[in-house]
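Reviewing the structure listed below.
There are 2 protein chains.
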Amino acid sequence: MKIGILGAGNVGAALARVWIAKGHEVMFGVPDLKGERVQKALADLGGKGRASNNAEAAKFGEVVAIAVPWPAAKQAIANCGNLAGKILVDCLNPLAPDLKGLTVGGNTSAAEEVALWAASALVVKAFNTIGAGNFGHAEFSGQRADGFYCGDNSAAKSTVKRLIEDAGLNPVDVGPLRNARLLEPLAMLWIDLAVNQCWGPNHAFKLLRR
Amino acid sequence: MKIGILGAGNVGAALARVWIAKGHEVMFGVPDLKGERVQKALADLGGKGRASNNAEAAKFGEVVAIAVPWPAAKQAIANCGNLAGKILVDCLNPLAPDLKGLTVGGNTSAAEEVALWAASALVVKAFNTIGAGNFGHAEFSGQRADGFYCGDNSAAKSTVKRLIEDAGLNPVDVGPLRNARLLEPLAMLWIDLAVNQCWGPNHAFKLLRR
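Residue numbers (the working numbering), protein chains in the order written: chain A, 1 to 210; chain B, 211 to 420.
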C-alpha cells in the first residue's frame, strides 16, 4: 500500500519503520525537506522512504496518516489539497504544551476537528494511545498491546485495522469517530503515566474480554 | 474495616457483597430504608449488611464510598454531615442521561467536584472503570482486570488499594486526584462499549507493563 505520512517526528518515523518492514511504500510530507527530523527518519529507513511536501505526500498515498504536532494540524491538512475519498488516519493528541492535559475535549475531539478540516476524507482515529516506541514490538509478558481505533466508514476502518496489525498491535474497534473523545483522554492517561508519573514508555492498555 | 456505602444500586450492592465476603462490616446510606433496591441488596447479603440514612452510614464508616447516581451526589454528601478525616471513595461517573457522554470533564472531574463538596474528607477515585458485576470475579482468561485509582493523600490511597484488592481487582495507582479527568472518560469508554456498542459487561481494562 502507498502511504503518505504528514510529519516525520517520533510517531511518523515509527509508523514509516514498521510499515516499510511490512512491504508498504511510504512518503513523508514535511514543510522543510532539509529538516533534521525528516533527514534522520530517512536515514533510519536506509533509502526505503521518500519525502516531499504535504501535497505530494497526500497525492502519493492511498492512505494518509497525520502525525504532526497538534498546533500544526489544521495547516498541514490545508496544505494537502484534495483529500476526497482518501483514508486519513488521525494519530493526533491535542496536548497542552506542558503535557498536563488536552486542549480539545468534552463535546468534541481532535479527530472530529480533523474531520471538519478534511471534510472529503474518510477519517479514522488510530495509533494515539500508546507510545510510538512500542510500534513493531508491542509484546508485554506475552500479551499484545491493543491498538484502539474508531471511525464512521467501515471500509476505511478495515484498511486501518490491517495497518494496525502491521504495526504489531492488536486492533480493537471502539465504534464511531465521536469515541475519539474517549481515546484522546486514554492517550493522555498513557502520557501522564509516562511523563508526569515518571513511568517511562514501557506500558500499554489492553482490553480484556471473556 | 467499617465501611459506609452511600447508595444501594448496582455498584453499592456489589461493593457490599465483595467487602463483606472479605470480613468488612458494611452499612448502606439511603434516603428511604423501604426502597426496593436497598431491600434487595440487604436480602442478597443474607443478614450481614445494615442500612440507615446517609448521616448514620457516614458516621459508621472509617471509609465512606459514594455510589449514587451523579445528579444525587451533591445532596448525598451534604446529608453526611461531618466527613472530616474520613476516606471518601468516589465511585461516580457523571453520565449523561442517554449514556452517550459525560456531563463533567475537561478542566475538572466528578472526583474534583466531590472533593469540593466534601472538603474535609480524603477523596480517592476508584471502582468506576469496570462494570460492578465483575467485582469479585475479575479474571479474564487468566488475566486480572485492573482497578485504577487516584487521589492526593497517600495514606488514604493505601487503604483504598487494599479495598480494591478485596474486590478482586489489580490496583493501579494513576497519580493525583486530578487524573480522575482521565479515569472518568476511561469509564465512559467501558460503558460505551458495553451499552452503545452492545458488547455487554464482560470486558475490562488492563495496563500492561514490561
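A virtual CB, placed ideally from N, CA and C, is assigned to each residue, including glycine.
These figures come from a predicted structure and were not determined experimentally.
Item                                                                                                                                                                                 : Value
Using a Cβ distance threshold of 8 angstroms, determine whether the region 225-239 of chain B contacts the region 164-175 of chain A, with at least three qualifying pairs required. : no
Would you list the one or two residues that DSSP bridges to Glu139(A)?                                                                                                               : Arg144(A)
From the DSSP output, in three-state form, read off Asn153(A) for me.                                                                                                                : coil
Unbroken beta strand (DSSP E) runs of length 3 or more, entirely within the region 218-296 of chain B: which are they?                                                               : 235-239, 259-262, 273-276
When the Cα atoms are used, what is the spatial distance from Arg260(B) to Arg372(B)?                                                                                                : 22 angstroms
Out of Gln407(B), Met398(B), Ala288(B), Glu272(B), point me to the one whose CA is closest to Val324(B)'s CA.                                                                        : Ala288(B)
Asp242(B): buried (16+ other C-beta within 10 angstroms of its C-beta) or exposed?                                                                                                   : exposed
Under 8 angstroms, Cβ to Cβ, is there at least one residue of chain A near Asn389(B)?                                                                                                : yes
I'd like the list of long-range same chain contacts for Arg247(B), defined as Cβ closer than 7 angstroms, with 5 residues on each side in sequence excluded.                         : Ala218, Gly219
Buried or exposed: where does Leu116(A) fall if 16 or more other Cβ atoms within 10 Å of its Cβ makes it buried?                                                                     : exposed
To the nearest angstrom, how far is it from the Cα of Gly271(B) to the Cα of Arg144(A)?                                                                                              : 41 angstroms
Starting from Ala115(A), follow its DSSP beta bridges and name the residues at the other end.                                                                                        : Paired residue(s): none; Ala115(A) is not in a bridge.
For a quick check, are the C-beta atoms of Leu205(A) and Leu403(B) less than 8 angstroms apart?                                                                                      : Note that residue 205(A) is Phe in the sequence shown here, rather than Leu. Contact: no.
For Ser330(B), would you say it is in contact with chain A, using Cβ-to-Cβ distances shorter than 8 angstroms as the test?                                                           : no
Checking the sheet assignment: what are the DSSP bridge partners for Asn170(A)?                                                                                                      : Asp146(A)
Rounded to a whole number of angstroms, what is the C-alpha to C-alpha distance between Ile3(A) and Lys335(B)?                                                                       : 42 angstroms
Is Ala194(A) helix, strand or coil by DSSP?                                                                                                                                          : helix
Between the alpha carbons of Gly239(B) and Gly133(A), how many angstroms are there, rounded?                                                                                         : 48 angstroms
So Ala204(A) is in the beta strand (DSSP E); what residue range does that whole segment cover?                                                                                       : 203-209
If the cut is a Cβ gap below 9 angstroms, which residues of chain A does His234(B) touch?                                                                                            : Here the premise fails: no neighbours, minimum Cβ distance about 26 angstroms.
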